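Peer 1: Have a look at this one before I ask anything.
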Amino acid sequence: MKGDKLGEFEELVLLTVYGLDSEAYGVSILEKLEEEAGRQASIGAVYAALSRLEKKGCLRSRLGGITRERGGRRKRLFRITRLGVETLRQMRQVRERIWRRLDAKFPASEASK
Amino acid sequence: MKDRPKSTRQPSLPRLARLILSQIAAPGLREELEGDILELYSRRAGRQGTSKARWRLYWDIFSTARLRNGSPQPSGPPLKPSGDPIMTNFLQDLRYALRRLAKSPAFALVAILTLALGMGANTAMYSIINGVLLQPLPYLAPEGLVIVHTQWKDFGFGSTNPHEYFDLLEKTEAFQSVALYRSTSVNLLDGDGEPERVLGVRTTPSLLESLGVRPALGRALAPGEEFAGAHRVALISDRLFKRRFGGDPSVLGRKLRILNDSYEVVGVMPAGFAFPSRRTDIWTGYGIDRTNLASRGAHSSGVLARIADGKSLETVQAELDSLSAQLRRDFPRNYPEASNFRLFAEPLTENLTGSVRPALFVLMGAVGFVLLIACANVANLLLSRITSQEKEFAIRTALGARAGRLVRQILSETFLLSLLGGLAALLVARIAFEGLLVLHPQSVPRLSEVKLDGSVLMFNIALVAFATLAAGLIPALRLSRIDSQQKLKDGTRSSGGRLNSRTRTVLVVSQITLATVLLMGAGLLLRSFQHLIAADPGFRTLQVATARVTLPRDRYSDLAARGRFYRQVIEQVEARPGVISAAAINLLPMGGSTSDFSIRAEGYTPANPDIPDFVQYRIVTSRYFETLGIPIRRGRPFNERDGSDGQLVAILSESLAKKFWGDQDPIGKRINNGSESKPNWLTVVGVVGEVHHSGSRQGNIPIWYQPITQDCWSDMSLAVRSAGDPTLAIGSLKAALAEIDPFLPLYNIRLMPQLVAEVLSQDRFNANLLLAFAGLALGLAAIGIFGVISYSVSQRTQEIGIRMALGAHRERILGQIMREGLSMILIGLVAGLAGALLLTRFMQALLFGVAPSDPVTFVSIAVVLVASGVAACLGPARRATRVDPMIALRYE
């Protein structure tokens with residue numbers, strides 16, 4: 001299953017984890033998503049995406065230390081894997097290639113209509 | 001106000017949120033998930049306020065329900081296993097079941113409602129049985145309490161008297177304590193409000209001691225206060241204390257005027273205490289005068305006794321039997337050998353509830369049937385669900401799901417349905433019960449003590465377990481036998497449906513069987529009730545109002561004064577507009593009391609010459625027979641001159657005259673109500689029709705009547721027949737009474753039809769309840785039939801389509817479907833009627849005027865059942881005829 005293609009939400013989550021670097025866990029991912037992508041997601045949806053990404057080998061996780069803020073519960077911290085970074089890059093390249101062609105073909109596409 | 005600094009407070013989730021989360025979150029994820037959710041919640045609460053944060057909180061929590069256990073590979077340190085794996089699995093199963101049910105809400109709702117009705121009826125019935133029969137009486141160690149009766153041949157249980165009380169006290173070791181009591185109603189003038197009639201009891205101090213009840217206020221009767229000449233003291237009920245004395249403790253020490261004596265109030269009984277009657281309000285000393293007891297032959301008291309420690313009811317009865325034998329030897333005049341006299345100890349619980357026992361057991365059996373039918377319905381629903389999901393199950397089996405897992409899934413679904421049904425059942429029971437209390441307040445003793453308590457809850461839990469097995473087992477077993485190979489090869493259409501529909505047919509047939517038995521039971525009770533209502537009581541009840549008056553003995557000490565009073569009242573009432581006639585009688589028919597008297601008749605020898613015949617005795621005014629419409633068969637009614645010329649007269653009921661003198665003319669013959677040695681002769685002047693004195697179940701009772709000029713009780717009932725509204729007659733009575741003696745309360749005010757209805761209240765209760773249960777059963781069975789037929793039609797849509805395309809007539813299709821339904825109904829009906837023949841025999845005691853195998857009931861029930869069955873089939877059958885062949889053929 002490794003390197004399987006990503007869904008749109010998964011891609012956003014993976015990007016967010018990448019951006020948060022070593023600080024990526026449920027709450028920070030959720031809030032970043034809201035902030036940057038304007039997406040109101042539920043924690044369950046985020047967890048589901050994280051779990052799929054982990055299965056696909058794009059993420060790795062470990063339990064962090066205890067914090068008072070969380071009533072003594074540990075965080076599960078996520079880190080992007082090399083495969084994850086590669087998958088994101090590939091997706092970006094594909095998109096940019098297509099956009100470049102599209103921009104050449106419809107120079108005024110954004111302004112029309 | 002103390003405000004702790006925020007930083008030291010550990011944040012936490014609302015308790016409900018934690019609970020839900022612990023139930024739905026996959027255990028492997030719980031720690032980090034809870035942490036994240038808590039963190040989000042406290043941040044949002046800080047930013048947006050708690051109430052907004054709370055909405056998001058629950059949204060988040062429910063969003064986690066989809067997460068599978070431990071999906072992220074545990075790459076960190078191993079998590080500690082949370083809880084017992086069996087419990088975890090069970091909760092998982094439940095979670096899954098909840099999700100499956102949520103996907104088909106209509107199915108879930110129907111199943112839950114069906115179970116709620118079935119279980120609710122059971123819970124309500126059980127709480128009645130629990131309160132009435134199973135709960136101990138509110139007395140200390142009630143199992144040791146007995147009522148001692150005198151028992152006589154051909155008469156059954158009778159009252160006791162002070163002689164026998166002393167015998168029990170002094171000549172046996174059977175009892176730890178013995179109490180004598182005698183109820184009398186008394187006029188109460190003291191306290192707030194109008195003069196009032198209350199029920200008092202004269203008793204011995206041992207009464208409260210035996211019952212183990214102490215006054216809530218003040219003291220109990222002291223030893224010695226039961227004897228005549230002792231200080232006269234009284235205890236009052238909490239009810240009376242609150243109603244008439246405003247709950248003021250200074251009532252202690254007050255004097256109550258009861259009859260012509262004054263009693264000092266020394267105590268107030270605790271709320272809810274009542275003995276011997278639910279309405280007893282005053283307890284006083286008995287006033288026993290041992291040197292001057294009434295004859296041994298008179299019996300009008302009760303004896304309550306507590307069995308001595310370590311003795312069984314049997315040994316006590318054996319001791320009583322030997323005491324009885326001794327009494328028969330010592331007092332042959334009072335206890336002739338031929339009377340089979342003995343003292344009999346009856347447990348108090350049986351004494352109080354014995355009359356309703358058989359009815360309650362029949363009703364409990366009936367609700368059991370209703371539950372079985374409800375379970376069969378749910379099993380049917382589950383089976384049809386399984387059939388539609390067979391492919392899913394087959395695929396899961398092929399992928400390695402073990403049969404046990406699938407069975408568990410079905411059972412947990414059923415469990416969930418039963419659990420929700422059980423919860424709703426508590427509500428149903430509550431409502432049903434409130435309804436019963438409103439409709440039937442008086443028909444069952446102790447009904448007001450019934451409540452939904454812990455034991456009812458336990459019963460409800462047991463019902464949930466039962467329903468889970470009863471409704472879930474058959475579908476689960478069917479499921480475990482699904483052949484996955486067969487199923488997968490089978491294309492899109494399911495064939496296991498055939499096998500399932502056979503199981504479903506069996507279920508429906510058993511539902512019809514059970515419903516038939518219930519309907520038969522209800523039908524028989526209904527017919528009995530009809531007979532009871534239709535039975536001619538021997539007098540006319542319409543337009544008759546009744547009430548009772550008691551005269552204080554000091555102002556109306558002699559017979560003439562009492563007679564004058566009642567005749568005066570009647571004269572006054574009769575003079576009022578709208579009143580046709582009025583009369584007085586010592587005991588009204590259907591009034592609940594009897595009084596018998598031994599009489600001898602001239603020229604008649606009873607079967608046993610030593611025992612005179614005990615005959616019901618009534619004192620009436622001259623227009624009594626006219627007022628109640630009792631026909632004069634021979635001779636004449638009483639008139640004003642009777643008794644004035646020294647010649648005493650009497651009127652007999654028909655059967656009594658016939659018994660004494662056969663076909664001879666009874667007019668002019670004489671009866672003797674004195675003893676053999678000191679006769680008191682009365683000449684028979686008339687013969688009147690029979691009267692059902694204690695209700696139609698008891699039937700005709702021989703009665704002899706005397707005019708009020710020859711005898712008069714101090715308490716008599718008045719009956720007024722009026723032309724118009726009989727309630728107006730009550731007003732006339734009150735006005736007449738106020739004119740003649742304003743200090744006398746009028747009580748037991750009833751219209752005659754009301755009195756008759758009260759006698760039938762228990763029969764009405766039984767009939768209504770069983771009818772309701774049978775109706776429920778019929779409805780559920782009809783739903784079952786409907787379900788199976790519709791299912792069968794939907795399974796055969798294609799087949800029907802092909803046949804119609806090939807030219808089959810609609811009538812033929814309709815006929816075929818109806819035949820299918822009818823054959824189920826008929827098989828169920830026959831089995832049900834056979835079952836009813838066996839089971840209705842246990843209802844014999846409740847029936848009146850119908851045999852348990854009454855053919856009319858059998859036929860009408862069969863008609864009702866077939867009609868409802870056909871109605872249930874008709875819808876699906878008509879749908880079958882509207883199948884469009886083109887659509888049906890394309891239907892895959």
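So the protein lines, in turn, are chains V and W.
Quick note on the working numbering: the first sequence kicks off at 1 and runs consecutively.
Quick note on the working numbering: the second sequence kicks off at 1 and runs consecutively.
Built from N, CA and C at the ideal position, the CB exists for glycine as well.
Please read all numbers here as calculations on a predicted model, not as lab measurements.
1) Return the CA-CA distance between P77 (chain W) and G65 (chain V), expressed in angstroms with no decimal places.
2) Report the rounded CA-to-CA distance for G368 (chain W) versus L874 (chain W), giving the unit in angstroms.
3) Quick check on the burial criterion: 16 or more other C-beta atoms within 10 angstroms. Buried or exposed for Q40 (chain V)?
4) Using the Cβ count rule (16 or more neighbours within 10 Å means buried), how would you classify D60 (chain W)?
5) First and last residue of the alpha helix (DSSP H) that includes H163 (chain W)?
6) Starting from S790 (chain W), trace the alpha helix (DSSP H) both ways and give me its first and last residue.
7) Can you tell me whether L732 (chain W) is buried or exposed, with buried defined as 16 or more other CB within 10 angstroms of its CB?
8) Per DSSP, K255 (chain W) is paired with what?
9) Within the continuous beta strand (DSSP E) that includes M824 (chain W), where are the two ends?
10) Can you tell me whether P81 (chain W) is buried or exposed, with buried defined as 16 or more other CB within 10 angstroms of its CB?
11) Would you mind working out which of W:T516, W:Q762, W:I386, W:G272 sits nearest F848 (chain W), comparing C-alpha positions?
12) Between Y47 (chain V) and chain W, is the shortest Cβ-Cβ distance under 7 Å, so that the two count as touching?
13) Could you check whether the Cβ of A17 (chain W) sits closer than 7 Å to any Cβ belonging to chain V?
14) Pull up the distance between the alpha-carbon of L771 (chain W) and that of V863 (chain W), whole angstroms please.
15) If you draw a straight line from the alpha carbon of L652 (chain W) to that of A584 (chain W), how long is it in whole angstroms?
16) According to DSSP, is Q706 (chain W) helix, strand or coil?
17) Give the residues of chain V in contact with S12 (chain W), contact being defined as C-beta atoms less than 7 Å apart.
18) Can you pull the chain W neighbours of Y25 (chain V), defined as C-beta to C-beta under 8 Å?
19) State buried or exposed for L865 (chain W), treating a residue as buried only when at least 16 other CB atoms are found within 10 Å of its CB.
20) Which ranges does the beta strand (DSSP E) cover as unbroken runs of at least 3 residues, wholly within the region 664-707 of chain W, from first to last along the chain?
21) Would you call the CB atoms of R540 (chain W) and G629 (chain W) closer than 7 Å?
22) Between which two residues does the alpha helix (DSSP H) harbouring P358 (chain W) extend?
23) Taking the alpha-carbon positions, what's the L411 (chain W) to Q511 (chain W) distance?
24) Going by C-alpha distance, which of W:L728, W:L29, W:L180 is nearest P577 (chain W)?
25) Alpha carbons only, please: which of W:R670, W:G635, W:L648 is nearest the one belonging to Y604 (chain W)?
26) What residues from chain W crowd round G57 (chain V), counting only those whose CB sits closer than 8 Å?
27) What number of angstroms, rounded off, separates the C-alpha of T123 (chain W) from the C-alpha of K32 (chain V)?
28) Would you report the Cα separation of G454 (chain W) and S418 (chain W), rounded to the nearest angstrom?
29) Using 7 Å as the threshold, is the C-beta distance between S384 (chain W) and Y791 (chain W) below it?
30) Among residues of its own chain, excluding the 5 on either side of A45 (chain W), which ones have a beta-carbon nearer than 6 Å to its beta-carbon?
31) Could you round the C-beta distance between A97 (chain W) and E413 (chain W) to whole angstroms and report it? I think they count as a contact, below 8 Å.
32) Using a Cβ-Cβ cut-off of 6 Å (strictly less than) and excluding sequence neighbours within five positions of A470 (chain W), which residues of its own chain qualify?
33) Figure out for me which residue from W:A547, W:P885, W:V506 has the closest Cα to the Cα of I570 (chain W).
34) Answer yes or no: do T513 (chain W) and G828 (chain W) have a C-beta to C-beta separation smaller than 7 Å?
35) How far does the alpha helix (DSSP H) with T414 (chain W) in it reach, from first residue to last?
36) Please work out which residues of its chain come closer than 7 Å, Cβ to Cβ, to S868 (chain W), disregarding the five sequence neighbours upstream and downstream, and give them in chain order.
Peer 2: Taking the definition as stated:
1) Residue placement at P77 (chain W) cannot be trusted, given a pLDDT of 34 that sits under 50; the coordinates are not used to answer.
2) 29 Å
3) exposed
4) buried
5) 162-171
6) 761-795
7) In the sequence as displayed, the identity of residue 732 (chain W) is Ser instead of Leu. Buried, by the Cβ-count rule.
8) W:E264
9) Segment 810-839 is the alpha helix (DSSP H) holding M824 (chain W); no beta strand (DSSP E) there.
10) Here P81 (chain W) scores only 44 on pLDDT, less than 50, and its place in the model is too uncertain to base an answer on.
11) W:Q762
12) yes
13) no
14) 16 Å
15) 17 Å
16) strand
17) G71
18) E32, D36
19) buried
20) 670-672, 681-688, 703-707
21) yes
22) 357-388
23) 21 Å
24) W:L728
25) W:R670
26) Correct list: empty, because the minimum Cβ distance to chain W is about 10 Å.
27) 55 Å
28) 19 Å
29) yes
30) A53
31) 4 Å
32) C375
33) W:A547
34) yes
35) 403-439
36) L778, A782
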